[in-house]
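**Q** Here the sequence shown is numbered in the numbering used here, starting from 193 and rising by one per residue.
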Amino acid sequence: MDCIFCKIARRQLPAKIVYEDDDVVAFNDINPQAPVHVLVIPRKHIPRVADMVESDQQLMGKIIYTGKRVAEMLGICEEGFRLVFNNGRYGGQHVYHIHLHVLGGRPMGWPPG
Numbered sequence: 193m194d195c196i197f198c199k200i201a202r203r204q205l206p207a208k209i210v211y212e213d214d215d216v217v218a219f220n221d222i223n224p225q226a227p228v229h230v231l232v233i234p235r236k237h238i239p240r241v242a243d244m245v246e247s248d249q250q251l252m253g254k255i256i257y258t259g260k261r262v263a264e265m266l267g268i269c270e271e272g273f274r275l276v277f278n279n280g281r282y283g284g285q286h287v288y289h290i291h292l293h294v295l296g297g298r299p300m301g302w303p304p305g
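#1: Helix, strand or coil: which one does DSSP assign to I238?
#2: Express the C-alpha separation of W302 and I200 in angstroms, rounding to a whole number.
#3: What residue from N223, H237 and D243 has the CA that sits closest to V294's CA?
#4: So, using beta-carbon positions, are G280 and R240 closer together than 8 Å?
#5: Looking at C-alpha atoms only, which residue of G272, F197, H237 and I238 is the closest neighbour of F219?
#6: Classify Y288 as helix, strand or coil using the three-state DSSP reduction.
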């Protein structure tokens with residue numbers, strides 16, 4: 193795929209990567225909404241949460257677990273953090289490659305939207 197996140201995962205575009213392995217890549221958001229704002233993406237291109245298939249369950253669990261690990265690595269785990277998936281236009285998704293937002297370093301308001 194030629195989406196921006198696929199290119200970041202293949203290191204064809206620069207990003208400040210904070211974690212990566214064979215399945216996922218985590219990098220700082222270029223437009224942070226909190227002191228810590230990291231995106232966790234699968235290397236596999238899946239456009240939206242609504243496009244997942246049953247066989248993606250394990251990968252999605254790994255994405256969430258990686259979000260928790262990133263929170264630990266960046267020192268926001270104890271005070272608290274937010275994990276967010278946006279899905280589709282009305283859900284606020286701008287890049288159509290599944291990505292988990294890891295947000296922290298300040299109190300989060302509610303409701304979020």
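For glycine and all other residues, C-beta sits at the position ideal for the given N, C-alpha and C. Because the structure is a prediction, the values reported are computed rather than measured.
**A** The structure says:
#1: Mapped onto the sequence shown, residue 238 falls at position 46. I238: coil per DSSP, three-state reduction.
#2: For this step, residue 200 is matched to residue 8 along the sequence shown. For this step, residue 302 is matched to residue 110 along the sequence shown. Taking the straight line joining both Cα atoms gives about 31 Å.
#3: Stepping through the sequence shown from its first residue, residue 294 is reached at position 102. Among N223, H237 and D243, the Cα nearest to that of V294 belongs to N223.
#4: As a first step, residue 280 must be located in the sequence shown, where it is residue number 88. As a first step, residue 240 must be located in the sequence shown, where it is residue number 48. Yes.
#5: Position 27 of the sequence shown, counting from 1, holds the residue named residue 219. Looking at the Cα atoms, F197 is the closest of the given residues.
#6: By one-based count along the sequence shown, residue 288 stands at place 96. Coil, per DSSP.
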